[in-house]
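Structure record follows, encoded as C-alpha cells.
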C-alpha cells in the first residue's frame with residue numbers, strides 16, 4: 001500500500017474530465033462480460049434493490065453490489081493521463097481491484113483515503129475485465145487467466161452497521177490477511193455453525209472491529225513456544241474450539257456453543273501482546289492477556305449482556321478464572337470453563353512437542369527439549 005498525501009488526493013478529486021473513455025485503458029484491452037445477471041432485483045411492491053454479492057460472485061455478474069473491507073489504496077494514472085484511485089476490496093471469498101474515477105464522488109468519505117484502510121464500505125459498480133497490469137490484484141476470469149476482473153465504481157460509501165448485519169457471517173473478514181487458508185475456512189465454518197443468534201452476532205461484532213480482525217488472523221500465540229509463527233494465534237484458537245466442540249458431555253446446545261465461543265477468544269488479548277514483528281510488546285510485558293481480552297470485547301459484551309446477560313457473565317468467567325494451581329483468581333465454577341482450560345493445554349502441549357522435535361538433530365531422536373520442557377516420543 002502506498003500512502004498518499006492529502007494534497008495529492010484532493011487534487012485528484014478536483015479533476016473532472018467529461019470526455020474520458022468509458023474504460024480505463026484502450027478499448028482493445030476490454031473483454032465483455034457474459035450476461036449472467038446484474039444482481040438488481042425488484043420485490044413484489046416494485047421497489048428496486050441490490051442483492052449483496054461476494055467478491056467471488058464477480059466472476060458471474062456484470063454489476064456487483066456488496067459490503068467489502070478496504071485493504072489497500074493507491075493513486076494511478078490512466079493512459080489518457082487521467083488520475084484515479086485504485087482500491088483493493090476484500091472479503092472472506094477473495095480480493096478484487098476497484099477503480100474510483102474523480103467524477104464518482106464518494107459519499108461520507110473524504111481524502112486522505114489511505115486513513116480508511118481496514119474499514120468496511122458499501123460498493124456498487126460494473127465488473128469489467130482488462131489485461132493484467134503490474135500492481136493489481138489477481139481475480140481472473142476462469143475461462144481466460146490472462147484477463148483480470150476489476151470493479152468500476154458507480155457508488156461507494158462507508159458501510160453502516162445495518163449494511164454489515166445484512167451480510168453473511170464474517171463476510172467482511174479478508175481472506176488475504178490469513179497466512180493459513182485452511183484455518184481461515186475453519187474459522188468461518190465455526191462462526192456459521194453457531195445457532196444462537198446472540199452468540200453469533202457477538203462473534204461477528206468482535207471480529208469485525210478493524211483493530212481486531214487483522215491482528216487475530218496474523219498474530220502468533222507465543223514468541224518461542226507453541227504456535228509461535230504468523231497466524232499461530234488463530235490456529236491455536238481454532239484447535240481449542242474444535243476440541244471443546246467435540247466433547248459430548250454438554251447438557252445443552254447453548255452450553256456447547258458458550259464453550260466454543262469461550263475457546264475461540266480465550267487468548268484474544270494476545271493480539272496486543274506482540275508487535276508486528278512477533279516480539280513481546282510493552283503491553284504484553286505489563287498486562288495479562290486475559291485482562292486485554294475483556295477490554296477488546298467490552299462493547300460486544302455490553303450488547304450481549306442486554307440480550308442474554310448469563311452468556312456475557314459466563315464468557316467473562318471462562319476468560320478470567322484461575323487455572324489449576326494458580327495462586328490468585330477465582331477458580332473455575334462450571335464445567336465448560338474447565339473444558340476450555342483443558343483444551344487450551346492440549347493444543348499447547350501438542351504445539352510445544354512439535355516445536356521441540358522440529359529442532360531435533362535427527363528424525364530418529366526420541367527426546368527433545370524446548371526451554372525447560374522435555375518431550376519423549378515412544379512411537
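Numbering (this note's numbering), first residue to last: 1 to 379.
Note that beta-carbon positions come from the ideal geometry of N, C-alpha and C, so glycine has one too.
Practice task
Alpha carbon to alpha carbon, how far is residue 120 from residue 340? Give it in angstroms, no decimals.
Solution key: Their Cα atoms are separated by approximately 32 Å.
Handout entry: Cα-Cα separation, residue 35 to residue 183
Key = The predicted model places residue 35 with a pLDDT of 34, which falls under 50 and marks its position as unreliable, so this point remains unresolved.
Handout entry: Reference residue 217; option with closest CA among 176, 314, 295
Key = For residue 217, the nearest C-alpha among the options comes from 176.
Exercise for the section: Within the same chain, show all residues whose beta-carbon is closer than 7 Å to that of residue 205, passing over the 5 residues directly before and after it, in chain order. Expected result: The residues are 300, 303.
Problem - C-alpha distance - residue 308 paired with residue 173, whole-angstrom precision - result: Straight-line measurement puts the Cα of residue 173 at about 25 Å from the Cα of residue 308.
Problem - Cβ-based neighbour list, residue 353, same chain, cut-off 7 Å, excluding 5 preceding and 5 following - result: Excluding the 5 residues flanking it on each side, residue 353 has same chain C-beta neighbours closer than 7 Å at 375, in chain order.
Practice task
Could you give the DSSP three-state label for residue 72: helix, strand or coil?
Solution key: Residue 72 falls in the strand class under three-state DSSP.
Exercise for the section: Report yes if the CB atom of residue 274 is closer than 8 Å to the CB atom of residue 312, and no otherwise. Expected result: Not in contact: residue 274 and residue 312 (Cβ atoms no closer than 8 Å).
Exercise for the section: Leaving aside the five residues before and after residue 200 along the sequence, list all residues of the same chain whose C-beta is less than 6 Å from its C-beta, in chain order. Expected result: Beyond the five residues adjoining it in sequence on each side, residue 200 comes within less than 6 Å, by CB distance, of 194 in the same chain, given in chain order.
Practice task
Could you tell me if residue 292 is buried or exposed, where buried requires 16 or more neighbouring beta carbons within 10 angstroms of its beta carbon?
Solution key: Taking all protein chains shown into account, residue 292 has 16 or more neighbouring C-beta atoms within 10 Å of its C-beta and is therefore buried.
Problem - Given 8 Å, three or more beta-carbon pairs between the stretch 50-57 and the stretch 98-117 - result: Contact between the stretch 50-57 and the stretch 98-117 is absent: fewer than three C-beta pairs spanning the two stretches fall below 8 Å.
Practice task
Have a look at residue 192 and residue 361 and give me their C-alpha separation to the nearest angstrom.
Solution key: Computed Cα separation, rounded: 43 Å.
Practice task
Give me the Cα-Cα distance between residue 64 and residue 87, rounded to the nearest whole angstrom.
Solution key: C-alpha separation (whole angstroms): 15 Å.
Handout entry: Spatial neighbours of residue 162 in its chain, beta-carbon cut-off 8 Å, leaving aside the 5 residues before and after
Key = Within the same chain, residue 162 has no close Cβ partners at all.
Handout entry: Stretch-stretch touch, CB-based, cutoff 8 Å, three pairs: the stretch 261-268 with the stretch 235-247
Key = Contact between the stretch 261-268 and the stretch 235-247 is present, because at least three Cβ pairs lie under 8 Å.
Handout entry: When 366, 306, 247, 347 are compared against residue 202, the one with the closest alpha-carbon
Key = Sorting 366, 306, 247, 347 by C-alpha distance to the C-alpha of residue 202 places 306 at the top.
Problem - Cutoff 6 Å; reference residue 230; Cβ partners in own chain excluding five residues on either side - result: 179, 218.
Practice task
Quick one: residues in its chain with C-beta nearer than 6 Å to the C-beta of residue 215, no 5 flanking neighbours on either side, listed in chain order?
Solution key: Within the same chain, and ignoring the five residues on either side of residue 215 in sequence, the residues whose Cβ sits closer than 6 Å to its Cβ are 271.
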